[in-house]
Amino acid sequence: MSTTNNRVREHYEGDDPYAETNSPGNGAATAVSEDARQHVVNPDGTNTVDLDAAAREGHVVTVVHNGGANTPTVAFDDADFVGTGPANMTSAGATATVRNVDGTTSGWVVEATGSA
């Protein structure tokens, strides 16, 4: 992990360390990294979002469905959430913003959802 000054510089010079894009294979999980604040998914089939590495108290992540052929799905595992996770996202532009409330892998709550 780079220092704070390097991260700020990278952010303003176009290499945002807090945004990532993932193109998982058909049926594979898409893992959100430790520092990600935005996780863009180019889904293939049904891809489940793995939030384990990003689980720290107060961390907020927005997951974005970036489209794909044959109506792919971005899914969430209810076991990761206090209560119920967001509904499966099946269209490009759909978003789900989640926050970890206790630092555990099952401590996520839904803050917001949206569609294109």
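Numbering-wise, the sequence shown is residues 50 to 165 according to the numbering used here.
Note that beta-carbon positions come from the ideal geometry of N, C-alpha and C, so glycine has one too.
Computed from a prediction, not measured in an experiment: that's the story for all the values here.
- [ ] With distances taken Cα to Cα, identify the nearest neighbour of Asp101 among Glu83, Asn75, Asp151.
- [x] Glu83
Open item on the list: Ala128 and Gly142 - do their beta-carbons sit closer together than 7 Å?
Closed with: no
Open item on the list: Can you tell me whether Ala103 is helix, strand or coil according to DSSP?
Closed with: helix
Task: Backbone secondary structure at Ala118 - three-state DSSP - done: coil
TODO: Return the CA-CA distance between Pro66 and Asn55, expressed in angstroms with no decimal places.
DONE: 10 Å
Open item on the list: Which same chain residues end up closer than 8 Å to Gly117 when comparing Cβ atoms and leaving out the 5 residues on each side of it in sequence?
Closed with: Asn91, Pro92, Asp93, Ala141
TODO: Excluding the 5 residues preceding and the 5 following Thr70 in the sequence, name in chain order all residues of the same chain whose CB lies nearer than 6 Å to its CB.
DONE: Val89
Task: Coarse secondary structure for Asn55, derived from DSSP in three states - done: helix
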